[in-house]
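**Student:** One structure coming up, written as structure tokens, with questions to follow.
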Amino acid sequence: MTALSNLDSSASPSGVAGPDATSKSGTAGALVRKIRTGAPVVPFLAYVILVLGVPTGTIVAFAFRSNTGGFTWSNIHTILGTTPLTEQYRAGFENSLKLAVVTAVIPGILGTVIAYAISTSEHPAFKRIVSATSGVLAQFGGVNLAFMFIAAFAATNGLITGWLNSIGLDPWNHGWSLYKFWGVAFVYMYFQIPLMVLIITPAFAGLRPAWREAAENLGASRWRFWRHVGVPVLTPAILGSMFLLFGSGFSAYATAEALTGGTISITPIQIGAILQGNVIAGEQNVAYALAFAMIVILLVSVVIYAYLRKRTSRWLL
Amino acid sequence: MTLATDTAVLPSADASLPTGAPVVFDNLTRRFGTTTALDRFSLTIAPGELIALLGPSGCGKTTALRVLAGFERPDVGRILVDDKDVSSVPAQRRNMGMVFQSYSLFPNMSARDNVAFGLQLRHQRSAPRRLRASELLDLVGLSEHVSKYPHQLSGGQQQRVALARALAIEPRVLLLDEPLSALDAKVRAELRDQIRAIQQRLAITTVFVTHDQEEAMSMADRVCVMSRGHLEQVDTPAVLYSQPATAFVGQFVGVSSRLPVTRRGANVDALGRDVPIRGDLAGLPTGDLEALLRPEDLDVRVNPGGLGVVSHRSFFGATTRITVGLGGATLKIDVRSSEADELALGTRVDVSVTARDVLVTTPQPVS
Amino acid sequence: MASLELSTLVADPSAIDQPYELDSPLKKRRIRLRWGRGTILIIAAAYFILPFYAGMEYSLQRPTGGFSLTPLSQIASAPGFGAALWLSTQLAVITMLGVMVLMVPTVIYVHLRLPRFRRVMEVITTLPIIIPPIAYSVGVLESAPAWLRNSQYLLAVVYVILAMPYVYRSLDSGLGAIDVKTLVEASRSLGSSWLMTIWRVLVPNLRAALMSASVLTLALVFGEFTIANVDNWQTVPVWIYLAPTDNPRINTLVAMIALLATALVLILIVSLDRSQSRKSRRAQ
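Here you go:
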């Protein structure tokens, strides 16, 4: 097994073979050696290129492909929704972005508050339980979560709806619907809040006791500590996490689909509709443009998240 | 790293009025669950004095400091500063400057803002407090680094900023919690001198916690040796070294060798010589005794018929430490390096005791 | 995208450290803090537990009132469920095998001989998280070859990519916790072949990482809805959504069971991971 025998050459971290392997001389030998060293990761790379790279490349290419095969901006124009016919796509983006922002900011704040409450606890067991629970809840989503919420909050026989009614509260009568925007947002919170707790708890742990004590020693009250030190130090972490939440809320498909039966007008649902055949004739390429736009937006939010993450680690972790 | 010579920078350099306050630890006891961190600990500190709390980890020195700072509450006892009981005053209002072991600078503020923070809390205006902060940073030799952030500073620089920050609020008591432990040896030595110099100039009462006896002995006016929550001995370094009151102090401070001796009234027979016993004879243990001897309390001479054998040599520059095995005891003796040539490994030697008096104690169990 | 942090958490023994809060001398303040904290946590607990309880109650309720466990037995006979379960199981097994065969040798090799490639792998394995599954499926459905396009096993091929981030992070942290180089050198110097070394030395030490990677993959495949739905295959999640049953509570019941199973699975992973890190710490 030549690939495995690569591993035997004097195992130096830079991956360069030892003096015994210089049977081939010069740059040709060096090249051969490099190829031999890199050979074992080829299957992995090949798989990724084929199964991930090609579809993604297809999306990018076809987003700009016209019906005749040439380059065009028309698909992008379509999804920007300037005509009454195509306005739905723009509305879809607006709703998606709104949903993503709402389910990033509100869970961001709530998750931070919960994480703060946890970090001030004196019982390590309690913290572990909450942390594990957050990990579990953050993975809830999709169909299962949707059905659970329907069982709980359905208008007629939802259990919690019934409880609320019995104490005089009736959200359905006040214009709220589980199957519309604010219902979907409400359900999203179920996994967004734990996700926030999960991401931001280490940041609280990274607040050194010495800072708190030094501030107190210099005469700061609890509030002044948070105002001058605690919050400023945590802000990059909190903001960064919100961008992660934004990406999560923006790209979610299953929960919204299962909850609304595909009736809510957000971009992922629209893509799904086109793929399943409910398509306006000649608009197949729109799906690519929509997918392309989603990827771009996700990319931007991940880059911002990564940048803020780096800022955080400078001070905290 | 030079000190500012401008005395106007410093709070009050008037020699007749020490700015430090007297501090009294009065009968402090503090328990954590089943462990007793402080056991009836009492200590009086004179104004302007630098006192070191020295001891192994777990001896209670840090707890004592934190009780003084207000971060811990004692179960029994009180703290007096300037003859006033401050036990129930929250840490926030005690106005004591504290320097922590490491990483206590606020990461989101520059060095200058860190130092000015205490002044900001006291509602000083922006311009005067920035100026004062710059002056203090100049005092600790960091005038080129005022705008730098903590992550851009080395460990030693960070601790100097921390010191400036603590001094900014013009405290009458300065607390140092092992401030040099996390630093390299060379940086540690430099900072040691600088801290001592500043402390003496400002005449601030300073409590310095450390486990490094060299640090304590070289910096402090008095050293308080602690063990398991008790005060073992508090004295000037010289007295502590030459007259350890207990076996613990004798072994913790400086180097000691243990030598079995037999009692002869008020003396002991130490290697054939009668040496007076130091301290109170009444409290002496009965039975077997061992004497604690410093390397300079012993003398060694080559003797082919001697009972001792040189087992080890350590070169320390001007002196050489000779380790001799003699009848089961291991003795460490310092000789001038010029005289050490003939004391090669394996040489047979005679050892004699040259001390004026010795501290005796019960033998240590053989491990 | 949620998954990125979760998978990192899986790799990380515990995100919790010592409390930063202060031992304040004022007891009153402590009690006030405890009340405030308690209120927050109770409200949070209510929001998360109540719907769960509601879901369970709804699915086990008898139309005439009261509860019964008979819906559980009705699941097996529900139309289409058996086929969906079988499909999901097949896909899970194929995906698990595929991702392990692809990733385990690669990650081991990279750890041993190409440490600089680790950075590249980290970036690559983050890509499936950046690209939303719904967008990804657009590209997949277009570019897949016809024979795969019409097969349900296309899902398995794609699921390998979706599982990659978790599996990589699991293996990466598992390998990081054991001293791979030393173990391999010791084994080789005693005369063991490469295959034997991997099989008898590395794999047993990676047991916890392998287990948690497998379990995560399993959970992923059984929970994946987006691509399966868009490609019109009835895996268990799609079945829950689409299948008509005479008793709609059955669908909800299966959903609740799936949620419970997810919870159990993750708790299993966390405890596995902790016992592994304890073991390697003891060995050092």
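Chains as they are written, first to last, in the numbering used here: chain H, 15 to 331; chain A, 11 to 377; chain Z, -18 to 265.
Every residue, glycine too, gets a C-beta built ideally from N, C-alpha and C.
For the pair the segment 181 to 201 of chain H and the segment 51 to 66 of chain Z, tell me if three or more CB-CB distances fall below 8 Å.
**Tutor:** With a cut-off of 8 Å, the segment 51 to 66 of chain Z and the segment 181 to 201 of chain H do not count as touching, because too few Cβ pairs lie within range.
**Student:** Quick check: the segment 239 to 250 of chain A against the segment 75 to 84 of chain A, are at least 3 beta-carbon pairs closer than 8 Å?
**Tutor:** They do not touch, by the three-pair rule.
**Student:** What span of residues does the alpha helix (DSSP H) with residue 360 of chain A cover, start to end?
**Tutor:** Careful: residue 360 of chain A lies outside any alpha helix (DSSP H), inside the beta strand (DSSP E) at 358 to 363.
**Student:** Can you grab the Cα-Cα spacing for the pair residue 221 of chain A / residue 333 of chain A, in whole Å?
**Tutor:** Cα to Cα, residue 221 of chain A sits roughly 26 Å from residue 333 of chain A.
**Student:** Go through the segment 65 to 133 of chain A residue by residue and report every complete run of the beta strand (DSSP E) that reaches 3 residues or more, in order.
**Tutor:** The segment 65 to 133 of chain A contains these whole beta strand (DSSP E) runs: 86 to 91, 106 to 109.
**Student:** Are there 16 or more other CB atoms within 10 angstroms of the CB of residue 160 of chain A, so buried, or fewer, so exposed?
**Tutor:** Buried, by the Cβ-count rule.
**Student:** For residue 36 of chain H, name the three-state secondary structure that DSSP assigns.
**Tutor:** Low local confidence applies: a pLDDT of 48 at residue 36 of chain H is under 50, so the model's placement there is unreliable, with the coordinate-based value given in what follows. In this structure, residue 36 of chain H counts as coil in the three-state DSSP scheme.
**Student:** Starting from residue 154 of chain H, find everything on chain Z with Cβ-Cβ shorter than 8 Å and list it in chain order.
**Tutor:** Within chain Z, the residues near residue 154 of chain H are 240, 243.
**Student:** Using CA coordinates, which residue listed in Z:211, Z:73, Z:152 is at the minimum distance from residue 194 of chain Z?
**Tutor:** Of the candidates Z:211, Z:73, Z:152, the one whose C-alpha sits nearest the C-alpha of residue 194 of chain Z is Z:152.
**Student:** Is the shortest distance between the beta-carbon of residue 128 of chain H and the beta-carbons of chain Z less than 8 Å?
**Tutor:** Yes, its Cβ sits closer than 8 Å to a Cβ of chain Z.
**Student:** Measuring CB to CB, does residue 146 of chain A end up less than 8 Å from residue 101 of chain A?
**Tutor:** Taking 8 Å as the Cβ cut-off, residue 146 of chain A and residue 101 of chain A do not qualify as a contacting pair.
**Student:** Which residues bound the alpha helix (DSSP H) around residue 228 of chain Z?
**Tutor:** Careful: residue 228 of chain Z lies outside any alpha helix (DSSP H) and carries neither H nor E.
**Student:** Go through its chain and collect everything with a Cβ distance to residue 266 of chain A's Cβ below 7 Å, but skip five positions before and after it.
**Tutor:** Cβ within range, chain order: 260, 302, 303, 304.
**Student:** Express the C-alpha separation of residue 49 of chain A and residue 41 of chain A in angstroms, rounding to a whole number.
**Tutor:** Rounded to the nearest angstrom, the two C-alpha atoms are 8 Å apart.
**Student:** Can you tell me where the beta strand (DSSP E) holding residue 158 of chain A begins and where it ends?
**Tutor:** First-last for residue 158 of chain A: undefined, no H or E at that position.
**Student:** For residue 205 of chain H, does the count of other Cβ atoms within 10 angstroms reach 16, so buried, or fall short, so exposed?
**Tutor:** The residue is buried, with at least 16 neighbouring Cβ atoms inside 10 Å.
**Student:** Please go through the segment 233 to 259 of chain A and give each complete alpha helix (DSSP H) segment of 4 or more residues, from N-terminal end onward.
**Tutor:** Counting whole runs of 4 or more residues, the segment 233 to 259 of chain A contains the alpha helix (DSSP H) stretches 247 to 252.
**Student:** Please classify residue 343 of chain A as buried or exposed, where buried requires at least 16 neighbouring CB atoms within 10 angstroms.
**Tutor:** Looking at its Cβ environment, which holds 16 or more other Cβ atoms inside 10 Å, residue 343 of chain A is buried.
**Student:** In three-state terms, what does DSSP make of residue 151 of chain H?
**Tutor:** In this structure, residue 151 of chain H counts as helix in the three-state DSSP scheme.
**Student:** Buried or exposed: residue 123 of chain A, going by 16 or more other Cβ atoms within 10 Å of its Cβ?
**Tutor:** Under this definition residue 123 of chain A is a buried residue.
**Student:** For residue 24 of chain Z, count neighbouring C-beta atoms within 10 Å of its own C-beta (all shown protein chains included) and say buried if the count is 16 or more, exposed if not.
**Tutor:** Flag for residue 24 of chain Z reads exposed.
**Student:** So, does the CB of residue 267 of chain Z fall closer than 8 Å to a CB anywhere in chain H?
**Tutor:** Within the shown structure, residues of chain Z are numbered from -18 to 265, placing residue 267 of chain Z beyond reach of any answer.
**Student:** Checking the sheet assignment: what are the DSSP bridge partners for residue 322 of chain A?
**Tutor:** For residue 322 of chain A, which the question treats as bridged, DSSP gives the partners A:333.
**Student:** Return the chain-ordered list of same chain residues with a C-beta closer than 7 Å to the C-beta of residue 276 of chain H, the five sequence neighbours on each side being excluded.
**Tutor:** Taken in chain order, the residues that qualify are 283, 286, 287.
**Student:** Nearest CA to the CA of residue 102 of chain Z: which residue from Z:207, Z:66, Z:83, Z:113?
**Tutor:** Taking only the C-alpha atoms, the option nearest residue 102 of chain Z is Z:83.
**Student:** Which residues does DSSP pair with residue 108 of chain H in a beta bridge?
**Tutor:** Partner(s): none; residue 108 of chain H has no beta bridge.
**Student:** Please list the residues of the segment 214 to 239 of chain H that have a C-beta atom closer than 8 Å to any C-beta atom in chain A, keeping them in chain order.
**Tutor:** Against chain A - using a Cβ distance shorter than 8 Å - the residues of the segment 214 to 239 of chain H are 222, 224, 225, 227, 228, 229, 230, 231, 232, 233, 234, 235, 238.
**Student:** For residue 198 of chain A, does the count of other Cβ atoms within 10 angstroms reach 16, so buried, or fall short, so exposed?
**Tutor:** With 16 or more Cβ atoms within 10 Å of its Cβ, residue 198 of chain A is classed as buried.
**Student:** Of all the CB atoms in chain D, is at least one closer than 8 Å to the CB of residue 179 of chain A?
**Tutor:** Absent from the structure is chain D; the protein chains it does hold are H, A and Z.
**Student:** How about residue 223 of chain H and residue 151 of chain H: do their beta carbons lie closer than 8 Å?
**Tutor:** Result no, Cβ atoms of residue 223 of chain H and residue 151 of chain H do not sit closer than 8 Å.
**Student:** From the DSSP output, which residues share a beta bridge with residue 267 of chain A?
**Tutor:** DSSP, once it has assigned bridges, lists A:303 as partnering residue 267 of chain A.
**Student:** When burial is assigned at 16 or more other CB atoms within 10 Å of the CB, is residue 125 of chain A buried or exposed?
**Tutor:** It is buried - the Cβ of residue 125 of chain A has at least 16 other Cβ atoms within 10 Å.
**Student:** Starting from the beta carbon of residue 165 of chain H, find every residue of chain Z whose beta carbon is closer than 9 Å, and list them in chain order.
**Tutor:** Within chain Z, the residues near residue 165 of chain H are 32, 35, 36, 37, 38, 39, 40, 230, 233, 236, 237.
**Student:** How close, in whole Å, do the beta carbons of residue 186 of chain H and residue 247 of chain H come, if the pair is a contact with beta carbons under 8 Å?
**Tutor:** Between residue 247 of chain H and residue 186 of chain H the Cβ distance is about 43 Å, and since that is not below 8 Å, they are no contact.
**Student:** What residues in its chain sit with their C-beta under 6 Å from that of residue 116 of chain A, if we drop five residues either side in the sequence?
**Tutor:** Once the five neighbours on either side are set aside, the close Cβ partners of residue 116 of chain A are 124.
**Student:** Is the shortest distance between the beta-carbon of residue 81 of chain A and the beta-carbons of chain H less than 8 Å?
**Tutor:** It does: the Cβ of residue 81 of chain A has a partner Cβ on chain H nearer than 8 Å.
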